[in-house]
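To keep things clear, I will list the structure first and then write my remarks on it.
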């Protein structure tokens, strides 16, 4: 949409302006975000980073979508509960949870990023569709299985098959990939659909073309692989990305090495 998080060696003026506007250009901080209407006003005061469709930009588009869904459906959590969370029985996936059910989240340097009684123990001012939910491995497995079966869950259907097919289809052009990504060459083996990534070429044993999911910056990794009929989930509670941490590579290598046939 022409605006989003950029990852560059030097911070350009537009990113500094976005930080000053407090619209969430870094790791999620629910308490530091303004109310949705004010958030939209601040976002609308900033110029675009590029023409819409000019390049892939992370995160902000999902937050805009969350605000629009809330305006249509009453609140973002109500929309998510009615359409996905409740039909899947994802009872532990919400924008907040009791402190005794949360564990500390750590930064990459092992300093506490958010304690159990921290930001996710109270309702957020801005329910972020980009990175605002807390969950459990069981709930994430329910979601991963539904996606693996292209919208079906048990004998019922949660999402339409064409919807999931569009979500897990690479939507980026070669030109967009050439100027996008978290680092040079990022999209050489990856694509981006609607809200998640998919593997497009193999560069290690675990990078199986056709699998889809996402690695979250706060230490999560989920992928569904229709070819192998598997769902893999890693929740570490420690911020990091696969390219900087061999734990992810070791985990996913072990997952695929465990396939017996």
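In our numbering, the protein residues as written are -11 to 249.
Note that the Cβ used here is the ideal one computed from N, Cα and C, for glycine as well.
Since this is a predicted model, take the numbers as computed values, not measurements.
- The C-alpha of residue 139 is placed about 6 Å away from the C-alpha of residue 145.
- Distance between residue 247 and residue 125, taken at the CA atoms: about 21 Å.
- With a 10 Å radius around the Cβ and a threshold of 16 neighbouring Cβ atoms, residue 91 comes out exposed.
- Ranked by how close their Cα comes to the Cα of residue 127, the residues 118, 165, 81, 220 have 81 in first place.
- In terms of Cβ geometry, residue 229 and residue 212 do not form a close pair [threshold 8 Å].
- When 60, 192, 148, 47 are compared, the shortest CA-CA separation from residue 204 is found for 47.
- Of 173, 67, 19, 116, the smallest CA-CA separation from residue 102 is found for 19.
- Taking the CA atoms as reference points, residue -9 sits about 18 Å from residue 161.
- Between the C-alpha atoms of residue 74 and residue 21 there is a straight-line separation of about 27 Å.
- Residue 208 sits in a strand when the DSSP states are folded into three classes.
- Comparing C-alpha distances from residue 142 to each of 172, 130, 112, 15 shows the shortest one belongs to 130.
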